[in-house]
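One structure below.
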Amino acid sequence: MSPTQQGGVDMAQSLIRAAAIGVCALALASCAGTELEDTRNLNVQGGAFNSALYEGYVDRSQFEYDYGDYNSSDLYAQRAQRVAAGQTVQPLTLDGDGNEAVEGVDKMDTKLPAIRQARADLLDALNNGARQDTPEAAAEAQVAFDCWVEETQPDQIAKCRQRFEQAFQTVQNAAEPAEMDQASETAPAAPEEVDSTEPESFTVYFAFDSAQLSEEAREVIGQVAEAAEDRPNAEISATGYTDTVGPEDYNQDLSFRRAQAVQEALTGRDIAEDRIGTAARGENQLAVETADGVAEPRNRRVEISLF
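169 is the number that UniProt numbering gives to position 169 of the sequence shown; each next residue is one higher, with no gaps.
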C-alpha cells in the first residue's frame with residue numbers, strides 16, 4: 001500500500017472514530033428523561049392503592065420533566081413502572097437504610113429528624129392497613145413524602161412537606177379507634193410543631209477555588225442565625241455550588257466543603273447541628289449560565305433556606 005493510500009485509510013478510520021464518539025455523546029446526553037414516555041398508560045397490577053400511587057408518580061415525573069429535571073423525572077417514572085408491575089415500592093430514604101436511596105441527596109441529610117420520623121410514621125401506617133383503608137390518601141402521602149425527600153428547591157420542599165402532612169392526617173383520621181389506642185401505646189412522641197412561615201432565603205459567595213467564609217459571608221451567616229432563633233421550629237438547608245472552572249468531581253467536593261463551612265459557622269452561633277442539612281450541587285444549577293471553564297463569581301455560592 002502506498003503512503004498516499006495509507007494516509008487515506010488512516011483519515012477514514014479517524015473520521016469513523018470521531019463519528020462514533022459523537023454518536024455516543026449524543027446517546028448519553030439523550031438518556032435522561034426518556035423513561036416518562038415508556039411509563040404512560042401501563043396496566044397497573046394490584047388494587048386502588050397501586051393505581052393511585054402509579055398515577056401520583058407519573059404526575060410527578062411529568063412535573064419534573066416540564067421543569068427540566070430529567071434525572072428526577074426518570075426516578076419517578078421508574079418507581080411508577082415498578083408499581084405497575086405489582087412490586088411493593090416503599091417511601092424513599094436519604095441514606096440507604098430503607099427501600100431506595102436518592103443519589104446525591106444524602107446531604108439533605110440524615111441530620112433532619114423530621115424526615116426520619118415522618119418516614120417511620122408513614123411506613124407504620126402503610127404496614128398497618130392504610131393501603132387498604134385509605135388507598136388514595138396513603139398514595140398521596142407517599143408521593144408527597146418522596147417529593148419532600150428528593151426536592152432541593154426550598155419552595156418545593158415546603159409545598160411537598162405540606163402535601164404530605166395533609167394527606168397523612170387524612171390517613172390518621174381514618175384509622176380505627178382500636179388501632180389508634182394501640183398505636184398511642186407504642187408510637188413515638190408527636191413531632192414538634194411545624195413552622196408554617198414562608199421559606200426565607202440567603203446567599204453567601206466565595207472566592208475562586210475557596211471554601212473560606214469572607215467577612216461579608218459571615219455577616220449573612222449572622223442574619224441566618226438571627227432568623228433561625230426567631231423561628232425555632234424551622235429547618236435550615238445549605239446547598240453549595242461552584243463555577244465551571246475545573247473538573248466536575250473536584251467542584252462537587254468543593255461545593256460540599258462550602259456547604260459544610262456554612263453549617264459549621266451556624267453551629268458556632270449556637271444553631272443546633274440537627275437543624276441544618278447540607279447539599280452539594282457542584283457545577284449544576286448555575287445562578288448565571290456560562291460555558292465550561294468560566295470563573296463566574298455569582299456561581300461560587302451557598303444558598304441557605306429556612307423552611
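Cβ atoms here follow ideal geometry from the backbone N, Cα and C, with glycine treated the same way.
The structure displayed is predicted, hence computed values, not measured ones.
query: Taking the alpha-carbon positions, what's the ASP74 to TYR54 distance?; result: 14 angstroms
query: Report the rounded CA-to-CA distance for LEU26 versus ASP69, giving the unit in angstroms.; result: Interpretation of LEU26 is limited by its pLDDT of 43, a score under 50 that renders its predicted location unreliable; no figure is taken from the coordinates.
query: Going by the CB atoms, is the gap between THR239 and VAL302 shorter than 8 angstroms?; result: yes
query: Helix, strand or coil: how does DSSP classify ALA280 here?; result: strand
query: With 16 other CB atoms within 10 Å as the buried threshold, where does THR34 fall?; result: exposed
query: Would VAL44 and ASN50 be called neighbours here (beta carbons separated by less than 8 angstroms)?; result: yes
query: Would you kindly work out how many angstroms separate the C-alpha atoms of PHE307 and ARG40, rounded to a whole number?; result: 34 angstroms
query: Count the C-beta pairs between the stretch 214 to 229 and the stretch 246 to 258 that are closer than 8 angstroms, then say yes if the count reaches three, no if not.; result: no
query: Report the three-state DSSP secondary structure of SER255 (helix, strand or coil).; result: helix
query: Which one or two residues does DSSP pair with THR203 in a beta bridge?; result: GLU303
query: Would you give the residue range spanned by the alpha helix (DSSP H) that GLY222 belongs to?; result: 215 to 230
query: Could you please give the first and the last residue of the uninterrupted beta strand (DSSP E) stretch that includes GLY240?; result: 236 to 240
query: Taking CB distances under 8 angstroms as the criterion, tell me whether ASN43 reaches chain C.; result: The structure shown contains no chain C; it holds only a single protein chain.
query: Looking at C-alpha atoms only, which residue of TYR65, LEU266, LEU122 is the closest neighbour of GLY277?; result: LEU266
query: Taking the continuous alpha helix (DSSP H) assigned at ASP59, which residues delimit it?; result: 48 to 67
query: Quick check on THR290: does DSSP put it in helix, strand or coil?; result: coil
query: Would SER61 and ALA77 be called neighbours here (beta carbons separated by less than 8 angstroms)?; result: yes
query: Determine the contact status of ARG298 and ALA291, defining contact as a CB-CB distance below 8 angstroms.; result: no
query: Is PHE202 closer than 8 angstroms to ARG300 when the C-beta atoms are compared?; result: no
query: Could you work out which residue in ASP66, GLU200, ARG281 is closest to ASP155 when comparing CA atoms only?; result: GLU200
query: Grouping DSSP H, G and I as helix and E and B as strand, with all else coil, what is GLY129?; result: helix
query: For ALA280 and VAL245, which I take to be in contact (beta-carbon distance under 8 angstroms), what is that distance rounded to the nearest angstrom?; result: At roughly 17 angstroms, the Cβ-Cβ gap does not stay under 8 angstroms, so ALA280 and VAL245 are not in contact.
query: Nearest to GLY282 by alpha carbon, out of ARG257, ALA272, ASP270, ILE271?; result: ARG257
query: Would you mind reading off the limits of the alpha helix (DSSP H) that contains ASP146?; result: 135 to 150
query: Measuring only the C-alpha atoms, how far is ILE157 from GLU226?; result: 22 angstroms
query: When you compare only the Cα positions, how much space is there between GLY129 and GLU64?; result: 30 angstroms
query: What separation, rounded to the nearest whole angstrom, lies between the Cα atoms of ALA138 and ASP230?; result: 34 angstroms
query: By alpha-carbon positions, which one of LEU36, GLN166, GLU216, ASN284 ends up nearest to PRO247?; result: ASN284
query: Closer than 7 angstroms by C-beta to ARG79: which residues in its own chain qualify, once you throw out the five before and the five after it? Chain order, please.; result: TYR57, VAL89
query: When we look at the beta-carbon of PRO232 and count the other beta-carbons within 10 Å, is it buried (16 or more) or exposed?; result: exposed
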